[in-house]
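Here the numbering used here is used: the first residue of the sequence shown is 403, the next is one more, and so on. Everything below concerns the one structure shown next.
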Amino acid sequence: MNRIILLLLLLVLSSLTTLPADAKTRWRGHKQYVYRLYLRDKHGSEFSLDRPSHFLSQKAINRRKRQKLKVDSTDLPVSKAYLSRLSVKGTRVVGTSRWNNTVLLAARDTSLLRLIGQLPFVREFRHVWTSPDSIDEMVKIRYHEQFNRWDSLRNDPLGMARTQIELLGGDRLHEVDLRGQGMTIAVLDGGFQNVSLLPCFQNTNIVGTRDFVSPIVSGRTADTDVSEFSQGIDHGTKVLSAMAAQAPEVMMGTAPEASYWLLRCEDPGTEMPIEEDYWAMAAEFADSVGVDIINSSLGYNEYDEPFADYRQQDLDGYTALISRTASMLARKGIVLCNSAGNSGLTAWKKITVPADADEILTVGAVNQEGKNAPFASVGPSQDGRVKPDVVALGSGTTLISGRGTLVHDMGTSFSTPLVAGLVACLWQGLPQKSARQILDLVRQSASQYDDPDNILGFGIPDFWQAYMIGQLP
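This is the structure we're talking about:
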């Protein structure tokens, strides 16, 4: 019997991490390959650190000034002179990362890509994507405009979300009108089914959307509405609901009055290293438009053949490109909340990348009694840092699905946005604090800050206590 229960739980968790699509269609056109080229420098760039407004928004510049952070060479865009030399006949530049100084180059001929990789300004190259045999089709899913009557708690504005918000002391922040006003959160995910249609998001301030997957996989533009082209994937919808839902007496998110960018950077149809590049480009875009917080309920450790999987010794916060990027965010003035992963019942057991990153909040999961959820990935990082950093309710979390129904789902994917939303509320109340100071306050407020472990990390944070500590001179 125990074995049957374990198999059923593993099946549920698999559905959380693979983000299954409803339908597929054959890949159109010739076989394509993408290589990641690591450039040696940024010589020939037409941009200057003296004029950051040419490549960063004023909001991004102001965020750094407020935290006394300098714009540095990593912020400069990739050299256009190099990009022009890479754009030879038969190739196509499909993406860049300024922080990593990398270029994604696509072609039908891998020998051409390898030849270009020998250019003197290219430090190294790596094969990161091969076009699949089929891709996900766009699937429109019908949705409900009203909740069932049994899904509401009369006269309770938090509704069914009260338990998960109270566990973190978030209800007390809401009571003093700290609900995320003035803060901007970027949600990095795989699909936001029906977000533009569901009534619970009609009052949500969605600043914009960006799709980093479709330009490569399906040829659509990056500014495609990610809620329209979500291929039946509502993982991001559920994640967003934990922060942004406004359905009084049914469910309220942890930061209902924050502003949101919805950034699609996970390809549900395949698992290839290019998804780290998608994530890096999304994080850099979020930085450039001035977000304060990033919620990422994504993680990687295994890839489709022929790409190599990560080893646990790689979990040092800097080996994986995605982790190296994540470890830079606090230095840019951004707080990243990233899910620990759902590998606790698998042979891997450990956190996935970028949950191993430095200076972020890696979020694990507990049940309603505050006990560890056995599926949650454990730490520490390979270099001995406490992971996860904190935990929140992830077994099960009250959410709203892409069909507009109230659901209770499991996974660190859903404990993470509870924390991210309350980080926004906390930071709203302590606007003079830096990203690093906010990270420290959240950890200090947690239930086992003085005796952390590799399962719950520093424990369950109390955001009201963090707010109180933050006001001390």
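Glycine included, every Cβ here is placed at the ideal spot set by N, Cα and C.
In the DSSP assignment, what are the bridge partners of V641?
-> Here residue 641 is taken as the residue at index 239 of the sequence shown, counted from 1. V641 pairs with nothing; no bridge assigned.
Within its chain, find whatever has a CB closer than 7 Å to the CB of T754; leave out the 5 residues flanking it on each side and keep chain order.
-> On the sequence shown, position 352 is the one that residue 754 refers to. Correct list, in chain order: G701, Y702, N703, G743, S745 and S779.
Starting from L590, follow the beta strand (DSSP E) in both directions and report where the run begins and ends.
-> As a working mapping, residue 590 is identified with position 188 in the sequence shown. T586 to D591 is the span of the beta strand (DSSP E), which, as asked, contains L590.
Please classify E577: is it buried, with 16 or more other beta-carbons within 10 angstroms of its beta-carbon, or exposed?
-> As a working note, residue 577 is residue 175 in the sequence shown. Result: exposed.
Sort I635, D864 and V691 by Cα distance to H456 and report the nearest one.
-> Your numbering for residue 456 matches position 54 in the sequence shown. It is V691.
Rounded to the nearest angstrom, how far is the Cβ of D679 from that of S499, given a contact under 8 Å?
-> Translated into the one-based positions of the sequence shown, residue 679 becomes position 277. Translated into the one-based positions of the sequence shown, residue 499 becomes position 97. Their Cβ separation, rounded to whole angstroms, is 7 Å, which keeps D679 and S499 in contact under 8 Å.
Since N464 is in the alpha helix (DSSP H), which residue starts that stretch and which ends it?
-> Against the sequence shown, residue 464 aligns to sequence position 62. Run containing N464: Q460 to R468, per the alpha helix (DSSP H) assignment.
Under the three-state DSSP convention, the category W681 falls into | Locating residue 681 in the sequence shown gives position 279, counting from the first residue. The three-state reading of DSSP puts W681 in helix, counting H, G and I together.
Beta-carbon proximity of L795 to T656, cut-off 8 Å | Translated into the one-based positions of the sequence shown, residue 795 becomes position 393. Translated into the one-based positions of the sequence shown, residue 656 becomes position 254. No, Cβ-Cβ distance for L795 and T656 is not below 8 Å.
Limits of the unbroken alpha helix (DSSP H) element including D842 | The count along the sequence shown starts at 1 and reaches residue 842 at position 440. First-last of the alpha helix (DSSP H) with D842: A837 to Q846.
Just the C-alpha distance for L580 and V844, rounded to the nearest angstrom, thanks.
-> For the purposes of this step, residue 580 is identified with residue 178 of the sequence shown, where counting begins at 1. For the purposes of this step, residue 844 is identified with residue 442 of the sequence shown, where counting begins at 1. Straight-line measurement puts the Cα of V844 at about 16 Å from the Cα of L580.
What residue from N557, G634, Q604 and I871 has the CA that sits closest to D669's CA?
-> As a first step, residue 669 must be located in the sequence shown, where it is residue number 267. When each option's Cα is compared against that of D669, the closest is G634.
Same chain, Cβ closer than 8 Å to L451, five either side skipped, listed in chain order | To locate residue 451, count along the sequence shown from 1; it is residue 49. Scanning its chain for C-beta atoms nearer than 8 Å, with the 5 sequence neighbours on each side dropped, one finds around L451 the residues V473, D474, S475, D477 and L478, in chain order.
Cα-Cα separation between G572 and G638, rounded to whole angstroms | In the sequence shown, the residue the question calls residue 572 occupies position 170. In the sequence shown, the residue the question calls residue 638 occupies position 236. Going by the C-alpha atoms only, they are around 22 Å apart.
In three-state terms, what does DSSP make of M870?
-> Here the question's residue 870 lines up with position 468 in the sequence shown. Three-state result, M870: helix.
Report the option in T800, D694, Q714 and T748 whose CA atom is closest to the CA atom of Q834.
-> Locating residue 834 in the sequence shown gives position 432, where the first residue counts as 1. Scanning T800, D694, Q714 and T748 for the CA closest to the CA of Q834 turns up D694.
Could you check which residue in W531, T532, V505 and R510 has the C-alpha nearest to that of G519?
-> Counted from its first residue, the sequence shown places residue 519 at position 117. The shortest Cα separation from G519 among W531, T532, V505 and R510 belongs to V505.
Between which two residues does the alpha helix (DSSP H) harbouring F816 extend?
-> Counting from one through the sequence shown, the residue named residue 816 turns up at place 414. Residues T814 to G831.
Write down the C-beta distance between A660 and T586 rounded to the nearest angstrom, noting that I regard them as a contact closer than 8 Å.
-> Numbered from 1 along the sequence shown, position 258 holds the residue referred to as residue 660. Numbered from 1 along the sequence shown, position 184 holds the residue referred to as residue 586. Between A660 and T586 the beta-carbon gap is near 7 Å, inside 8 Å, which marks them as a contact.
Is the beta carbon of I862 less than 8 Å from the beta carbon of L570?
-> Here residue 862 refers to the residue found at position 460 when the sequence shown is read from its first residue. Here residue 570 refers to the residue found at position 168 when the sequence shown is read from its first residue. Their beta carbons are under 8 Å apart, which means I862 touches L570 by this criterion.
Measuring CB to CB, does S699 end up less than 8 Å from S741?
-> Reading the sequence shown from its first residue, position 297 is the one you call residue 699. Reading the sequence shown from its first residue, position 339 is the one you call residue 741. Taking 8 Å as the Cβ cut-off, S699 and S741 qualify as a contacting pair.
With DSSP as the reference, please indicate the residues paired to L795 in a beta bridge.
-> Against the sequence shown, residue 795 aligns to sequence position 393. L795 is bridged to V768.
Applying the criterion that 16 or more other CB atoms from any shown protein chain within 10 Å of the CB defines a buried residue, is E677 buried or exposed?
-> Walking along the sequence shown from the start, residue 677 turns up at place 275. E677 is buried by the Cβ-count criterion.
How is I696 classed by DSSP in three states: helix, strand or coil?
-> On the sequence shown, position 294 is the one that residue 696 refers to. Here I696 sits in strand by DSSP.
Q770 CB to nearest heavy atom of the ligand COA below 7 Å | Questions concerning the ligand COA fall outside what the structure shown contains, since it holds no ligand whatsoever.
Can you tell me whether L761 is buried or exposed, with buried defined as 16 or more other CB within 10 angstroms of its CB?
-> Translated into the one-based positions of the sequence shown, residue 761 becomes position 359. The question names Leu, but residue 761 in the sequence shown is Glu. With 16 or more Cβ atoms within 10 Å of its Cβ, E761 is classed as buried.
Candidates A483, M653 and N557: which alpha carbon is nearest T807's?
-> Along the sequence shown, one-based indexing puts residue 807 at 405. Comparing Cα positions, the closest option is M653.
Since A732 and R838 are thought to touch, with beta carbons under 8 Å apart, how far apart are those beta carbons, to the nearest angstrom?
-> Mapped onto the sequence shown, residue 732 falls at position 330. Mapped onto the sequence shown, residue 838 falls at position 436. Indeed they touch by this definition, with Cβ atoms about 5 Å apart.
Cβ of P854 within 8 Å of Cβ of V768?
-> Locating residue 854 in the sequence shown gives position 452, where the first residue counts as 1. Locating residue 768 in the sequence shown gives position 366, where the first residue counts as 1. Their beta carbons are not under 8 Å apart, which means P854 does not touch V768 by this criterion.
Chain-order list of residues whose beta-carbon lies under 7 Å from that of N774 (same chain, five-residue window excluded) | In the sequence shown, the residue the question calls residue 774 occupies position 372. So the list reads V768, I857 and L858, once near-sequence residues are dropped.
Would you identify the three-state DSSP class for D716, choosing helix, strand or coil?
-> Within the sequence shown, numbered from 1, the residue matching residue 716 stands at position 314. Helix, per DSSP.
Those residues which DSSP pairs with R494 across a bridge | Counted from its first residue, the sequence shown places residue 494 at position 92. The beta-bridge partner set that DSSP reports for R494 consists of A508.
Output yes or no for whether 8 Å exceeds the beta carbon distance between A682 and G561.
-> If you number the sequence shown from 1, residue 682 lands on position 280. If you number the sequence shown from 1, residue 561 lands on position 159. Inclusion of A682 and G561 in the CB contact set at 8 Å is not warranted, their separation being larger than that value.
How is Y440 classed by DSSP in three states: helix, strand or coil?
-> Against the sequence shown, residue 440 aligns to sequence position 38. Three-state DSSP puts Y440 in a strand.
Run the CB neighbour count on D706, radius 10 Å, all protein chains shown included, and call it buried at 16 or more, exposed below.
-> Residue numbering aside, residue 706 sits at position 304 when the sequence shown is read from its first letter. Exposed, since its Cβ has fewer than 16 Cβ neighbours within 10 Å.
Answer yes or no: do S664 and I608 have a C-beta to C-beta separation smaller than 8 Å?
-> Your numbering for residue 664 matches position 262 in the sequence shown. Your numbering for residue 608 matches position 206 in the sequence shown. According to the sequence shown, residue 664 is Leu rather than Ser. Contact: yes.
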